[in-house]
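Q: Mind having a look at this structure? Questions to follow.
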Amino acid sequence: MGGCCGGRKKKQARDEGERRDLISRLNRMEGQIRGIRNMLLEERYCVDILTQVSSVSSALKAFSKELLQSHIESCVVSDIQEGKTEAVEELCGLLKKIM
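20 is the number of the first residue of the sequence shown in our numbering; add one for each residue after it.
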């Protein structure tokens, strides 16, 4: 995975392939959400809608895991190597929020 950020600002440029993959994932989710909206407008069966909602939820969770892994492997490791131990505290705070 490429680098991502340091503190609140991007520290290292994201690898182009990684960025393309993340954008592609977001585009698919965006399309799925539009599909869910259309299903509601068409008054489709609730079970079908909920199945699509579950699919988007799983995709978003996978996106988050990928981004978190990239952040840890690049930014957190880099900060720790530079003696910036507050990166561990920030990561722990993030994990508390998302778990």
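Virtual Cβ for every residue (Gly too), placed ideally from N, Cα, C. Owing to the predicted nature of the structure, the values given are computational and were not obtained by experimental measurement.
#1: Would you mind listing the alpha helix (DSSP H) stretches within the region 31-100 that are 4+ residues and don't spill past its ends, in chain order?
#2: Residue 42 and residue 75: beta carbons closer than 8 Å?
#3: First and last residue of the alpha helix (DSSP H) that includes residue 112?
#4: Just to confirm, are residue 95 and residue 110 a CB contact at a threshold of 8 Å?
#5: For residue 44, I'd like the list of residues in its chain whose CB is within less than 8 Å of its CB, leaving aside the five on either flank, ordered along the chain.
#6: Between the C-alpha atoms of residue 107 and residue 37, what's the straight-line distance to the nearest angstrom?
#7: Roughly how many angstroms separate the alpha carbons of residue 73 and residue 47, rounded to a whole number?
A: Let me lay it out:
#1: 35-60, 65-90 and 96-100
#2: no
#3: 105-117
#4: yes
#5: 78, 81, 82 and 85
#6: 24 Å
#7: 14 Å
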